[in-house]
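Notes follow the structure.
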Amino acid sequence: MSMGLHEAITTASDPVTVMERVLAQALVLVPSAEGAAIELSTSDDALAYAAANGNLADALGTVVPVAGSLSGLALATGVTQHCRDTATDCRTDPTLCLELGISSMILVPLRRGEDRIGVLKVASSKRAAFGSLDETILADLAPFVSTVIGAAVELAEVTHDLLGLSGAAGHATVETRHGRDPSEIVRARSAFVANVVRPGVALHSRVRDRIEQVLADRGPQMVLQPIVLLADHEVVE
79 MSMGLHEAIT
89 TASDPVTVME
99 RVLAQALVLV
109 PSAEGAAIEL
119 STSDDALAYA
129 AANGNLADAL
139 GTVVPVAGSL
149 SGLALATGVT
159 QHCRDTATDC
169 RTDPTLCLEL
179 GISSMILVPL
189 RRGEDRIGVL
199 KVASSKRAAF
209 GSLDETILAD
219 LAPFVSTVIG
229 AAVELAEVTH
239 DLLGLSGAAG
249 HATVETRHGR
259 DPSEIVRARS
269 AFVANVVRPG
279 VALHSRVRDR
289 IEQVLADRGP
299 QMVLQPIVLL
309 ADHEVVE
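Residue numbers (this note's numbering): 79 to 315.
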């Protein structure tokens with residue numbers, strides 16, 4: 079097997095790479111989020127930060143107990159949790175939140191079939207940084223995120239045998255905010271999915287959409303600019 083093919087298969091089957099793509103797009107999808115993390119369930123009633131981005135990047139490897147944590151509540155109930163102020167919300171660990179720089183957050187449970195696999199978290203150092211629209215968008219994407227992460231883990235297990243690699247393995251009411259209409263939300267979700275599955279494809283799609291919009295509105299327009307010689311101001315073209 080060529081090195082190029084080996085590398086391509088390795089990258090495609092790396093769960094960490096997939097999770098990092100998810101987090102990068104989560105920060106784009108929810109502009110008020112300063113950090114994002116995926117906490118995966120462990121065998122000892124805890125959640126571990128398996129991937130982290132933004133101002134939560136240094137939290138990678140942090141272990142949070144399921145009992146007594148908002149992440150654990152999201153995992154146990156299967157319902158998205160929204161904390162507007164970690165300093166006053168009794169469901170959170172204020173000491174840990176202060177250490178991680180989290181003042182508000184949304185936690186979305188991730189499931190694969192009947193298995194509760196973890197939590198997708200977006201966070202901000204500002205209180206009340208998120209609205210119900212952010213909560214809805216993230217909750218609606220939970221099945222997709224759960225599927226791609228679960229599929230990546232399964233693919234990594236298969237790839238281990240193929241290449242001899244080491245294995246690695248609720249709904250809120252919609253409201254408009256900052257002028258975002260339903261069609262914009264749909265486009266944002268589509269871009270999220272596209273950039274996770276095939277990084278960069280959404281950029282090309284936006285360029286194509288812009289070209290099609292110009293052609294549909296009034297078509298391309300020609301602008302003529304005369305060329306003048308600076309020496310004698312003679313128009314040559």
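Virtual Cβ for every residue (Gly too), placed ideally from N, Cα, C.
Coil, strand or helix - Pro172 by DSSP = helix
query = In three-state DSSP terms, what is Glu213?
reply = helix
ask   = Under the rule that 16 or more other beta-carbon atoms within 10 Å means buried, what is Val108, buried or exposed?
value = buried
key: Helix, strand or coil at Glu112 [DSSP, three-state]   = coil
query = Can you tell me where the beta strand (DSSP E) with Val23 in it begins and where it stops?
reply = The structure shown does not extend to residue 23, since the chain is modelled only from 79 through 315, so no value can be given for it.
task = Measure how close the beta-carbons of Leu125 and Glu117 come, nearest whole angstrom, since I'm counting them as under 8 Å.
result = 4 Å
ask   = By Cβ distance, which residues of its chain are closer than 6 Å to Ile180, with the 5 residues on each side in sequence left out?
value = Thr164 and Ala201
task = Count the other C-beta atoms from every protein chain shown that fall within 10 angstroms of the C-beta of Asp212, then say buried if there are 16 or more, exposed otherwise.
result = buried
message = Check for me: the alpha helix (DSSP H) holding Gly150 runs from which residue to which?
response = Leu148 to Thr155
query = Looking only at DSSP bridge pairs, what is Arg194 linked to?
reply = Arg189
query = Where does Ser203 land, buried or exposed, given buried means 16+ other C-beta within 10 angstroms?
reply = exposed
query = CA-CA distance, Leu178 and Ser147?
reply = 14 Å
task = On a CA-only basis, which of His160, Met183, Leu101 and Gly228 is nearest Asp193? Give me that one, please.
result = Gly228
task = Write down the C-beta distance between Ser182 and Ala206 rounded to the nearest angstrom, noting that I regard them as a contact closer than 8 Å.
result = 6 Å
query = Can the beta-carbon of Gly150 be found less than 9 Å from the beta-carbon of Ala130?
reply = no
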